[in-house]
Structures are given as structure tokens and as C-alpha cells.
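Taking the working numbering, the leading residue of the sequence shown gets 124, the next gets one more, and so forth.
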Amino acid sequence: MLTAWGDDILVHPHQNAILKKMVHFNLLNADFLTSDSLYMAGEMQKLVPEKNLKVTVANFGIELLPVTLKKEKVIYSNRLHKPMYRVDKIIKAFAKFHQTPKGSDWRLFIAGSGTETDALTDLVNSLNLGSAVEFKGWLGPAENTANYQTASLFISVPNSDATSVSLLEAMAYGCIPVLSNLPANLEWVLDGINGVIVKDLEDDFITPAFDLNFSEAVALNSTIIKSRATKEVSKSAFGLIYSNALRK
124 MLTAWGDDIL
134 VHPHQNAILK
144 KMVHFNLLNA
154 DFLTSDSLYM
164 AGEMQKLVPE
174 KNLKVTVANF
184 GIELLPVTLK
194 KEKVIYSNRL
204 HKPMYRVDKI
214 IKAFAKFHQT
224 PKGSDWRLFI
234 AGSGTETDAL
244 TDLVNSLNLG
254 SAVEFKGWLG
264 PAENTANYQT
274 ASLFISVPNS
284 DATSVSLLEA
294 MAYGCIPVLS
304 NLPANLEWVL
314 DGINGVIVKD
324 LEDDFITPAF
334 DLNFSEAVAL
344 NSTIIKSRAT
354 KEVSKSAFGL
364 IYSNALRK
């Protein structure tokens, strides 16, 4: 049994021939495979065209805590501070949004850490965002959940991703997701319905979120998570895989 992660399939095989052969070998020799998105399952199959892969689409699920929707005018980003996550684009978009009448009293919380943290801090200072942007650092589960509970919007715009646990958590805790236009994201969010799919990273891509009916989007996202992304749902999916494996 083999569970694939996003970088395993979407990044590493395209870096060099050796990594591609390693991934191919593992996929070819696995009897049962799982992927956290339908898109990545398709990419797995492309890497092994000579075999019909048995891929179950299932994520690990998230642990739901009581949701208290005491939302504030806060936007939350908690992806790693690495180039692929493009946190700088979030800061620049927020700077444009912050200059509008609607955005003047909103704040951006940036959690996480990485190789770009210092550069991101310098960018915030150069844009004169001052107290409007708060760097939260690396957070534990309780602090991370508290920020989800507070934030009205969640932004994640990487250039490559499968199903992100952060996205699922944000949806569960009532944040409207603003996401990059990636196939895996489109399996969870319909642009203009329960979130925003960013069309141009150079624009203010935050303001379009206010065209949504927030209460309807939050309710829809809650339904999606409860039906597809809780630990109980995931236990059932993985339990079925193990049952089939034992019968083989």
C-alpha cells in the first residue's frame, strides 16, 4: 500500500530522470494506492501508463473542534515561507486591498516560517503596512485553530499543490478560501460560490471575496467538510482499503 503526497507526484518526477524512475518504480509495484485529490490520482496514472493503477481518493481527514464563528476583519495565511507558496503575492494583494475603503481596517495574519521570512518582513515594511500585518511565527495546533476561528478569509496561492490540510481546516472553521487556480483546489471550491479562485496574482484578488454571500458559503463549506474530510470519513475509506488488502 502506498500513499502519495503532493510533491511526490507533482514536483519530484519533473526534477530529474532518477527521481522520475524512483516514483515510477514505487507506483508500479504498489497493489493499493491513495491520493488526496482526483487530480493527483490522474497524474499518478500518467506516470505509469503501462498499468491500470488502483487509486483510492482519500485524505487523512481533520479533527473538528467546536466552531465559534466570532469572526473579525482578519485574513489568514499559514503556508510555509518558501518561493512555491508565493506569500509575497498575498502581501502585495493585501497592500492594494488595504488602500480601498473596504479594506482599510482589515488585518493580515501570516503564520509559518521558512527561507523567505526575512524578505517577507522587509516587504511588509517597504509597503508601509505597519500594524496591519502580523507575523505569527510557527504555531502549534491550538494557536493555529484560534486564528482560523478569528479569520474571515483564508488565502493560499502556491504554484503547485494537492489537497491542502490547511484548506480543509480553514473551510471547517468558517473561513472563506481564496486560492490559486490549481486542479486540486477546484475539487473543493467553486469560484464565486464557496470561495475565490485567483485569476491574476498581480491584482487585488481579495476584494472579489466580498461578492460572495458569506453565510451561504460558510454553510456550504461546512457541509463539504463533514461529508468528505473528517477523520471519521477518512477512517472508513482507509478501513475499506485494508479490508480489500487482507482479502487479496
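Ideal Cβ placement from N, Cα and C applies to all residues, glycine included.
Own chain partners of residue i with C-beta closer than 6 Å, once the 5 adjacent residues on each side are dropped
{"i": "residue 277", "result": "199, 293, 298, 300"}
{"i": "residue 180", "result": "158, 161, 164"}
{"i": "residue 404", "result": "It is not possible to answer for residue 404, since the shown part of the chain is limited to 124 through 371."}
{"i": "residue 192", "result": "297"}
{"i": "residue 216", "result": "327, 328, 329"}
{"i": "residue 258", "result": "233"}
{"i": "residue 140", "result": "none"}
{"i": "residue 230", "result": "197, 255"}
Segment limits, alpha helix (DSSP H) that includes residue i
{"i": "residue 169", "result": "161 to 170"}
{"i": "residue 351", "result": "337 to 351"}
{"i": "residue 370", "result": "354 to 370"}
{"i": "residue 147", "result": "140 to 152"}
{"i": "residue 221", "result": "210 to 221"}
Beta carbon of residue i nearer than 9 Å to that of residue j
{"i": "residue 167", "j": "residue 158", "result": "yes"}
{"i": "residue 129", "j": "residue 307", "result": "yes"}
{"i": "residue 346", "j": "residue 310", "result": "no"}
{"i": "residue 335", "j": "residue 348", "result": "no"}
{"i": "residue 124", "j": "residue 368", "result": "yes"}
{"i": "residue 214", "j": "residue 262", "result": "no"}
{"i": "residue 210", "j": "residue 239", "result": "yes"}
{"i": "residue 132", "j": "residue 176", "result": "no"}
{"i": "residue 313", "j": "residue 284", "result": "no"}
{"i": "residue 303", "j": "residue 321", "result": "yes"}
{"i": "residue 126", "j": "residue 156", "result": "yes"}
{"i": "residue 344", "j": "residue 295", "result": "yes"}
{"i": "residue 268", "j": "residue 188", "result": "yes"}
Residues that DSSP places opposite residue i in a beta bridge
{"i": "residue 300", "result": "277"}
{"i": "residue 287", "result": "Bridge partners of residue 287: none, in fact."}
{"i": "residue 232", "result": "199, 257"}
{"i": "residue 158", "result": "180"}
{"i": "residue 320", "result": "302"}
{"i": "residue 241", "result": "Note: residue 241 sits in no beta bridge, so no partner."}
{"i": "residue 314", "result": "318"}
{"i": "residue 125", "result": "156"}
{"i": "residue 185", "result": "353"}
Integer Cβ distance of residue i from residue j, believed to fall under 8 Å
{"i": "residue 201", "j": "residue 234", "result": "4 Å"}
{"i": "residue 280", "j": "residue 324", "result": "6 Å"}
{"i": "residue 275", "j": "residue 197", "result": "6 Å"}
{"i": "residue 333", "j": "residue 212", "result": "At roughly 19 Å, the Cβ-Cβ gap does not stay under 8 Å, so residue 333 and residue 212 are not in contact."}
7 Å CB neighbourhood of residue i in its chain, flanking five on each side removed
{"i": "residue 135", "result": "142, 146"}
{"i": "residue 352", "result": "182, 184, 185, 291"}
{"i": "residue 218", "result": "250, 252"}
{"i": "residue 204", "result": "210, 235, 236, 237, 238, 239, 240, 243"}
{"i": "residue 223", "result": "330"}
{"i": "residue 359", "result": "none"}
{"i": "residue 227", "result": "221"}
Test: residue i CB closer than 9 Å to a CB of chain D
{"i": "residue 205", "result": "In the structure shown, chain D does not exist; there is a single protein chain."}
Beta-carbon contacts of residue i that lie in its chain and below 8 Å, excluding the five residues immediately before and after
{"i": "residue 340", "result": "299, 316, 317, 318"}
{"i": "residue 350", "result": "356"}
{"i": "residue 178", "result": "156, 157, 158, 164, 167, 168"}
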